[in-house]
Amino acid sequence: MNKPSLLELLAEVQLGTLTPEQASSRLSVLPFEDLDYAKIDHQRALRTGLPEVIYAAGKSAAQTAEIFGRMAATGADVLATRADEATAAAVAAVSPASEYHRQACAITLRQAPTTEPLGHLAVLCAGTSDLHAAEEAAVTAELFGTRVSRIYDVGVSGIHRLFAQRDSLATADVVIVCAGMEGALPSVVGGLVGVPVIAVPTSVGYGASFAGAAALLGMLNSCSPNVCVVNIDNGFGAAYTATLIARAAHK
Numbered sequence: 008m009n010k011p012s013l014l015e016l017l018a019e020v021q022l023g024t025l026t027p028e029q030a031s032s033r034l035s036v037l038p039f040e041d042l043d044y045a046k047i048d049h050q051r052a053l054r055t056g057l058p059e060v061i062y063a064a065g066k067s068a069a070q071t072a073e074i075f076g077r078m079a080a081t082g083a084d085v086l087a088t089r090a091d092e093a094t095a096a097a098v099a100a101v102s103p104a105s106e107y108h109r110q111a112c113a114i115t116l117r118q119a120p121t122t123e124p125l126g127h128l129a130v131l132c133a134g135t136s137d138l139h140a141a142e143e144a145a146v147t148a149e150l151f152g153t154r155v156s157r158i159y160d161v162g163v164s165g166i167h168r169l170f171a172q173r174d175s176l177a178t179a180d181v182v183i184v185c186a187g188m189e190g191a192l193p194s195v196v197g198g199l200v201g202v203p204v205i206a207v208p209t210s211v212g213y214g215a216s217f218a219g220a221a222a223l224l225g226m227l228n229s230c231s232p233n234v235c236v237v238n239i240d241n242g243f244g245a246a247y248t249a250t251l252i253a254r255a256a257h258k
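Add 7 to the 1-based position in the sequence shown for our numbering, that's all there is to it.
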């Protein structure tokens with residue numbers, strides 16, 4: 008449930024196409040739906056502008072599938088992150104229209120009426136090994152209704168590949184940059200654009216990368232003042248924040 012869907016519901020009652028009892032039934036899951044092991048926050052989009060998202064890691068496939076199905080029943084778009092193929096299969100059994108994005112380890116279901124994308128994000132990654140975080144960010148932002156430009160494999164070891172994308176970068180409201188190893192790419196991008204850059208350190212690199220800790224510290228020490236940093240491999244968090252920034256830019 009978000010503000011447009013709530014207004015649409017009230018309009019249907021006003022027009023007589025929906026009875027007050029039917030509307031009450033739809034609203035009965037507010038403020039949350041209690042499944043004992045989970046309490047689904049159906050009204051989060053009313054408060055924050057973006058819906059609750061299912062973090063599938065640590066949940067059983069059956070739990071994720073039930074939560075997904077309950078959220079889908081409200082007519083909203085649904086996103087589950089960090090989902091494996093077994094979980095995707097369980098979700099597909101209850102929501103056949105759902106789509107599994109293997110590279111992103113994400114499951115999406117689009118149900119809300121299609122609207123013009125609000126805002127433009129550029130999602131970059133340094134190398135193909137960083138695609139898991141970049142695709143998690145891109146899939147998340149697209150489901151949230153933001154236009155996404157994917158610019159992949161443009162790391163600093165071949166910096167000319169990045170410079171060839173300057174025209175695409177120039178139109179973005181926010182840039183998300185995913186990189187492992189030493190994590191240098193966000194600082195370079197920060198010096199090329201006049202918009203916020205959200206850096207995502209990835210758990211990619213040899214031993215001294217410490218599973219992304221070296222990239223995280225490098226990004227936190229960036230000399231580009233428009234760079235901020237999320238946690239290691241957190242493409243979802245980067246996309247969530249970037250979407251809010253992009254929307255604010257177009258209000």
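A virtual CB, placed ideally from N, CA and C, is assigned to each residue, including glycine.
Alpha carbon to alpha carbon, what distance is there between residue j and residue i?
i: ASP48; j: SER164; result: 44 Å
i: GLN110; j: GLU28; result: 43 Å
i: TYR44; j: ALA99; result: 21 Å
i: VAL234; j: PRO193; result: 7 Å
i: ALA90; j: ALA256; result: 32 Å
i: ASP240; j: PRO120; result: 31 Å
i: THR153; j: HIS127; result: 6 Å
i: GLU123; j: ILE158; result: 22 Å
i: ILE74; j: SER105; result: 13 Å
i: VAL237; j: CYS185; result: 10 Å
Nearest CA to the CA of residue i: which residue from the options?
i: ARG77; options: ALA177, GLY244, ASP160, LEU116; result: LEU116
i: GLY134; options: LEU128, ALA191, THR122; result: ALA191
i: LYS46; options: GLY187, LEU53, GLY82, ILE61; result: ILE61
i: GLY219; options: GLN118, CYS230, GLU189, LEU199; result: GLU189
i: ASP160; options: PHE151, ARG154, HIS139; result: HIS139
i: LEU131; options: THR248, LEU169, LYS258, ARG54; result: LEU169
i: ALA93; options: SER175, ALA64, THR209, VAL85; result: ALA64
i: LEU150; options: ILE166, TYR107, GLY162, GLN172; result: TYR107
Under the rule that 16 or more other beta-carbon atoms within 10 Å means buried, what is residue i, buried or exposed?
i: LYS66; result: buried
i: ILE114; result: buried
i: LEU227; result: exposed
i: SER31; result: exposed
i: PRO58; result: buried
i: ILE166; result: exposed
i: CYS230; result: exposed
Check whether the Cβ atoms of residue i and residue j sit closer than 8 Å, and answer yes or no.
i: VAL204; j: VAL196; result: yes
i: THR250; j: ALA148; result: yes
i: ALA97; j: ALA68; result: yes
i: VAL200; j: VAL211; result: no
i: LEU129; j: SER156; result: According to the sequence displayed, residue 129 carries Ala and not Leu. For ALA129 and SER156, yes; Cβs fall inside 8 Å.
i: GLN50; j: ASP84; result: no
i: ALA253; j: LEU42; result: no
i: PHE243; j: GLU143; result: yes
i: VAL202; j: ASP180; result: yes
i: ALA6; j: VAL101; result: The structure shown does not extend to residue 6, since the chain is modelled only from 8 to 258, so the question has no answer here.
i: ALA215; j: ALA222; result: no
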